[in-house]
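Participant:
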Amino acid sequence: MRSKIAQRIIHNTPKDVQIFTDLYTDLIFRINELIDEKGWSKKDLAEKMGKKQSELSRMLGGKQNPTLRSIATISAALGEELMYVPKRKPIIHAKKKSVVMTSYVNKSATYPTLGYEAKQLDVENYQPLAS
Amino acid sequence: MNSFELNIWDDEGERCTFYTVQWDGEDYSETDKFFLKFEQSEHKEELQVLLRYLTESIGNKYGADKNFFNRNENQVFGLPHHGKFRIEDISLHFPNFPLRLYALRVSNKIVILFNGAKKDAETNQTTTTNLNFIVNEANSFAKRIESALLDGDIYFKGKYIYTFNHQTEIVL
């Protein structure tokens with residue numbers, strides 16, 4: 010069960026607000042998880058970044074959203090990936106219509122040649138997952 | 768202090784159940800009052816963010832990880848520290864997040880939500896809202912719940928809280 014008021018607010022929450030919240034939470038959780046895994050403290054991470062702990066806190070939750078640059082700095086200090094950007098790979102359909110697949114791992118990958126099943130795709134109305 | 772019910776507020780997530788408190792005779796729980804207060808306010812979007820954070824990130828994806836909660840020692844003043852439970856506020860790392868929702872994290876699978884308010888100053892004492900009153904009231908709820916847990920009047924197992932005789936309707 011869920012509170013009816015919560016249900017109503019969830020129903021009225023725009024998709025972009027949901028995505029923003031999920032991304033931000035995943036990022037914070039990932040950073041904290043990596044800090045714990047390495048047996049570090051936030052102070053240790055800040056020191057490896059050449060910054061004070063207060064500066065790290067500001068980067069994560071200061072007056073502005075963390076920038077890609079600050080995420081890259083944290084990622085470099087941790088020596089771990091923090092974010093993945095989906096890659097798209099065009100594949101030529103048997104009828105010469107283009108189909109796009111999305112990979113969520115930043116690694117090279119090969120895809121099998123599309124066979125009969127792929128012809129069942131409604132290519133004209135295909136909605137890409139990412140622009 | 769009058770009696771209050773301890774009711775499930777949201778148990779649809781896989782990882783964590785949220786309980787709330789509701790005064791005897793009141794129409795709404797304390798947590799519903801918080802969400803109603805800001806639902807149509809200038810902080811509507813922040814409220815949506817907070818609710819998504821609760822229901823999806825904590826409730827469904829990660830559970831009540833300690834990193835999602837902010838323990839502010841000033842806010843536990845008055846709560847006896849003989850137990851292992853303390854009032855905390857849901858910690859949002861979003862920039863300048865103005866809302867505070869108070870909670871008692873019983874375990875990684877159970878969180879009890881209270882009321883909250885807008886925090887527009889560095890300390891609860893200087894804020895222009897009724898945050899200080901809300902914190903004190905949350906501490907009173909937490910103290911009663913903590914005592915009931917320590918005395919064995921209620922216990923928790925998995926995602927749920929039960930009375931000593933294994934009932935789910937809880938009045939404290």
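Chains as they are written, first to last, in the numbering used here: chain A, 10 to 140; chain B, 768 to 939. Where is the CB? At the ideal position from N, CA and C, for every residue including glycine.
Indicate the three-state DSSP secondary structure (helix, strand or coil) for ASP45(A) in the structure shown.
Facilitator: ASP45(A) falls in the helix class under three-state DSSP.
Participant: Can you find the residues in the same chain that come closer than 6 Å, C-beta to C-beta, to ILE37(A), ignoring five residues on each side of it along the sequence?
Facilitator: Around ILE37(A): no qualifying Cβ.
Participant: Please name the residue, chosen from LEU817(B), ASP778(B), ASN769(B), that lies closest to ASP31(A) on a Cα-to-Cα basis.
Facilitator: Nearest C-alpha to ASP31(A): LEU817(B).
Participant: Taking 9 Å as the threshold (beta carbon to beta carbon), is GLU936(B) in contact with chain A?
Facilitator: By this cut-off, GLU936(B) is not an interface position.
Participant: Mind listing the chain B neighbours of ALA81(A)? Cutoff is C-beta to C-beta under 7 Å, in chain order.
Facilitator: The contacting residues do not exist; ALA81(A) stays about 18 Å from chain B at best.
Participant: Taking only the alpha-carbon atoms, compute the straight-line gap between PHE802(B) and ILE19(A) and give it to the nearest angstrom.
Facilitator: Near 11 Å, if we compare the C-alpha coordinates of ILE19(A) and PHE802(B).
Participant: Check the C-beta distance from ASN875(B) over to ALA905(B) and give it rounded, since I have them as a contact under 8 Å.
Facilitator: Contact doesn't hold; Cβ gap of about 20 Å is too wide.
Participant: Which residue from TYR820(B), GLN815(B), VAL873(B), GLU809(B) puts its Cα closest to that of TYR929(B)?
Facilitator: When each option's Cα is compared against that of TYR929(B), the closest is VAL873(B).
Participant: By Cβ distance below 7 Å, which residues in the same chain neighbour ILE775(B) in space, the five residues on each side in sequence not counted?
Facilitator: Counting only Cβ-Cβ distances below 7 Å, and skipping sequence neighbours, we find THR784, TYR786.
Participant: Counting along the chain, where does the alpha helix (DSSP H) carrying PHE900(B) start and finish?
Facilitator: First-last of the alpha helix (DSSP H) with PHE900(B): 898-918.
Participant: Return the Cβ separation of ASP799(B) and ILE14(A) in integer angstroms, given the expectation that the two are a contact with Cβ distance under 8 Å.
Facilitator: With 8 Å as the limit, ASP799(B) and ILE14(A) qualify as a contact, their Cβ atoms being about 5 Å apart.
Participant: Which one of PHE771(B), ASP778(B), GLU772(B) has the shortest CA to CA distance from GLY925(B)?
Facilitator: Measuring from the Cα of GLY925(B), the nearest candidate turns out to be ASP778(B).
Participant: Could you tell me the alpha carbon to alpha carbon distance between ALA55(A) and LEU65(A), rounded to whole angstroms?
Facilitator: Rounded to the nearest angstrom, the two C-alpha atoms are 6 Å apart.
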